[in-house]
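Its first residue numbered 0, the sequence shown is counted upward by one per residue in numbering that gives the first Met the number 0. From the three backbone atoms N, C-alpha and C, an ideal C-beta is built for every residue, glycine too. The structure appears below as structure tokens.
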Amino acid sequence: MTGWDVSPSGVEFVTSLVQDAMDDVAKDVKAYGTDVVSAAASAGTISGVYCGEAPTGPIGVALALFTEKTAGDVVFLGARAAKSVNGAREATAYYLAGDEEMAARAQGKALTAPKIDLPGQGKGDAGK
0 MTGWDVSPSG VEFVTSLVQD AMDDVAKDVK AYGTDVVSAA ASAGTISGVY
50 CGEAPTGPIG VALALFTEKT AGDVVFLGAR AAKSVNGARE ATAYYLAGDE
100 EMAARAQGKA LTAPKIDLPG QGKGDAGK
């Protein structure tokens, strides 16, 4: 007897729900970016020689810094979810083919944290 007890239909059902949630999150993240820009523009500015060419208010600056500092976390969430879904599907396919060793490898690979790529930060394997 093996340690595996997989319901392929259950895996497909759950991973499809996660995929739907990931699609919703992607839409929300896109809207978030637009909303942050709008909020920064609506927050007002400080005018004068201290602002350079395009005056930016303190709220706009704070929003830009917050967005910059949390961008990696947001990208990681998507990459982690994608890696988990793909790993579950891959492990299930190996399980159905009778290759429990490869199923275990696929499962283990899916458990590792994804490496993400943000502009200017080097190359990773976002979502692999």
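Subject >> Neighbourhood of T14 by C-beta, 8 Å cutoff - its chain only, sequence neighbours within 5 removed >> reply: Numbered from 1 along the sequence shown, position 15 holds the residue referred to as residue 14. Closer than 8 Å at the Cβ level, and outside the excluded window around T14, lie V84, A87 and R88.
Original post:
In whole angstroms, what separates the C-alpha of V60 from that of E67?
Top reply: Position 61 of the sequence shown, counted from the first residue, corresponds to residue 60. Position 68 of the sequence shown, counted from the first residue, corresponds to residue 67. Those two C-alpha atoms are separated by around 10 Å.
Original post:
In whole angstroms, what separates the C-alpha of R104 from that of K29?
Top reply: Within the sequence shown, numbered from 1, the residue matching residue 104 stands at position 105. Within the sequence shown, numbered from 1, the residue matching residue 29 stands at position 30. Their Cα atoms are separated by approximately 34 Å.
**OP:** Alpha carbon to alpha carbon, how far is Q18 from K26? Give it in angstroms, no decimals.
**Re:** Position 27 of the sequence shown, counted from the first residue, corresponds to residue 26. Position 19 of the sequence shown, counted from the first residue, corresponds to residue 18. K26 and Q18: Cα-Cα distance of roughly 13 Å.
Original post:
How many Å lie between D116 and A20 at the Cα?
Top reply: The residue given as residue 116 occupies position 117 in the sequence shown. The residue given as residue 20 occupies position 21 in the sequence shown. Each residue's alpha carbon lies about 22 Å from the other.
Original post:
For P113 versus A78, is the C-beta distance shorter than 8 Å?
Top reply: Residue numbering aside, residue 113 sits at position 114 when the sequence shown is read from its first letter. Residue numbering aside, residue 78 sits at position 79 when the sequence shown is read from its first letter. Their beta carbons are under 8 Å apart, which means P113 touches A78 by this criterion.
Original post:
If we call anything under 8 Å between Cβ atoms a contact, is A42 one with G56?
Top reply: Numbered from its first residue, the sequence shown carries residue 42 at position 43. Numbered from its first residue, the sequence shown carries residue 56 at position 57. Yes, they are a contact pair.
**OP:** Using the Cα positions of A92 and L110, report the straight-line distance between them to the nearest angstrom.
**Re:** Residue 92 sits at position 93 when you count from the first residue of the sequence shown. Residue 110 sits at position 111 when you count from the first residue of the sequence shown. One alpha carbon belongs to A92, the other to L110, and they sit about 17 Å apart.
Original post:
Roughly how many angstroms lie between the CA atoms of Y31 and V73, to the nearest whole one?
Top reply: For the purposes of this step, residue 31 is identified with residue 32 of the sequence shown, where counting begins at 1. For the purposes of this step, residue 73 is identified with residue 74 of the sequence shown, where counting begins at 1. Answer to the nearest angstrom: the Cα atoms are 11 Å apart.
**OP:** For F75, collect the residues of the same chain with a Cβ closer than 6 Å to its Cβ; drop the 5 residues on either side in sequence, then sort them by chain order.
**Re:** Counted from its first residue, the sequence shown places residue 75 at position 76. Counting only Cβ-Cβ distances below 6 Å, and skipping sequence neighbours, we find I115.
**OP:** Report the residue from P7, V35, E100 and E99 whose alpha carbon sits nearest the alpha carbon of A70.
**Re:** Reading the sequence shown from its first residue, position 71 is the one you call residue 70. The shortest C-alpha separation from A70 is found at V35.
**OP:** In the DSSP assignment, find the unbroken alpha helix (DSSP H) run with P118 in it and report its ends.
**Re:** The residue you call residue 118 lines up with position 119 of the sequence shown. Counted as a single uninterrupted DSSP element, the stretch harbouring P118 is not any alpha helix (DSSP H), since DSSP gives it neither H nor E.
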